[in-house]
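Going by UniProt numbering, the sequence shown opens with residue 1, and the numbers climb by one from there.
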Amino acid sequence: MKIERLILHNFSSFEGNTEFDFRVNEEKNIILIGGKNGAGKTSLFTAVKLGLYGPGAFGYSGPNPRYVQKVKELINYKAFQKQEVEAGVSISLKLTRDRREETYRLDRTWDYSSKRLEEHFTVYRDGAPLDRKEQEYFENYFFTVVPPGIFDLFLFDGEEIGNIFSESSYNTYVKNAIFTMCNLDIFENIRKFSRKYVAKDKGISGQEEKTMKKFFGR
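Structural data, given as structure tokens:
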């Protein structure tokens, strides 16, 4: 995966539209981002992860009140004071599938009105939007190729990496990463996606919830 462009709209400390071009060539093969404390460097990592995974960026299998609260806190403060609140993250990237390089754009936007937050997620391939089934297939494929569990191993905040290795949960962190990279977490992924689609397609009744917990153990 190669991230080529990132566009933030009213995200965190970035008011309005802010675009970052990460394309490189033989003469320019390093991208360096600098800034003072509070300038928004860490927000870039959060924006990329949130734009790619949505609720999965915070370990959630789908939207819930805690996810909504986190997104609201990431909307630019000045923009949030307006009557119509709009924010979003757009990521352009390249993926190699079946030996062919494809260009994708992931647009994740939020509208907030009447104390209600709505999220919209659209995926474009080579400039054309994917239909519902194609987008679901892409999400499943992307979560398999670049799972949220190993994202922080490849794209991380240099100021925070020391905390990862010094925390008591380091062993668990590494174990989960190895499980993910070796596809040993496949049953956990099946459980999450099964619950997600059951809930989305027909809702989970009380009895169905008990059955799911009995079968999947949670």
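For every residue, glycine included, the Cβ atom is placed at its ideal position computed from N, Cα and C.
Report buried or exposed for residue i, applying the criterion of at least 16 other Cβ atoms within 10 angstroms of its Cβ.
| i | result |
| --- | --- |
| Ala128 | exposed |
| Val145 | exposed |
| Asn64 | exposed |
| Ala87 | buried |
| Tyr137 | exposed |
| Gly51 | buried |
| Phe121 | exposed |
| Gly56 | buried |
| Gly217 | Here the model assigns Gly217 a pLDDT of 48, short of 50, so the residue's position is not dependable and the matter cannot be decided. |
| Ser90 | buried |
| Glu73 | exposed |
| Phe151 | buried |
| Gly149 | buried |
Please state the DSSP three-state secondary structure of residue i.
| i | result |
| --- | --- |
| Phe216 | With a pLDDT of 43 at Phe216, under the threshold of 50, the modelled position of that residue is not reliable, and the figure given next carries that caveat. If DSSP states are grouped into helix, strand and coil, Phe216 belongs with the helices. |
| Leu95 | strand |
| Ile204 | For Ile204, the pLDDT reaches just 49, beneath the cut-off of 50, and the residue's location in the model is therefore unreliable, leaving the point undetermined. |
| Ala79 | helix |
| Lys49 | helix |
| Lys36 | coil |
| Lys70 | helix |
| Met1 | coil |
| Ser113 | strand |
| Ser13 | coil |
| Ile190 | helix |
Below 8 Å CB to CB, which residues in the same chain sit around residue i once its five sequence neighbours on both sides are set aside?
| i | result |
| --- | --- |
| Val24 | Ile30 and Ile31 |
| Gly38 | Ser13 |
| Lys70 | Phe58 |
Under DSSP, the beta strand (DSSP E) around residue i begins and ends at which residues?
| i | result |
| --- | --- |
| Phe58 | Segment: none, Phe58 is in no beta strand (DSSP E) and carries neither H nor E. |
| Arg23 | That residue, Arg23, is in no beta strand (DSSP E); it is neither H nor E in DSSP. |
| Val123 | Arg116 to Arg125 |
| Lys133 | Run containing Lys133: none in the beta strand (DSSP E); it sits in the alpha helix (DSSP H), Arg132 to Val145. |
Quick one: residues in its chain with C-beta nearer than 6 Å to the C-beta of residue i, no 5 flanking neighbours on either side, listed in chain order?
| i | result |
| --- | --- |
| Lys214 | Residue placement at Lys214 cannot be trusted, given a pLDDT of 47 that sits under 50; what the coordinates show is reported in the next sentence. If we look at Lys214 and ignore the five residues flanking it on each side, it has no Cβ neighbours. |
| residue 219 | Outside the shown range of the chain, which is 1 to 218, sits residue 219, and nothing can be said about it. |
Start and end of the alpha helix (DSSP H) containing residue i?
| i | result |
| --- | --- |
| Ile150 | Pro148 to Phe154 |
Short of 7 Å in beta carbon distance, which residues of its chain neighbour residue i, apart from the five on each side in sequence? Order them along the chain.
| i | result |
| --- | --- |
| Gly35 | Lys41 |
| Ile190 | none |
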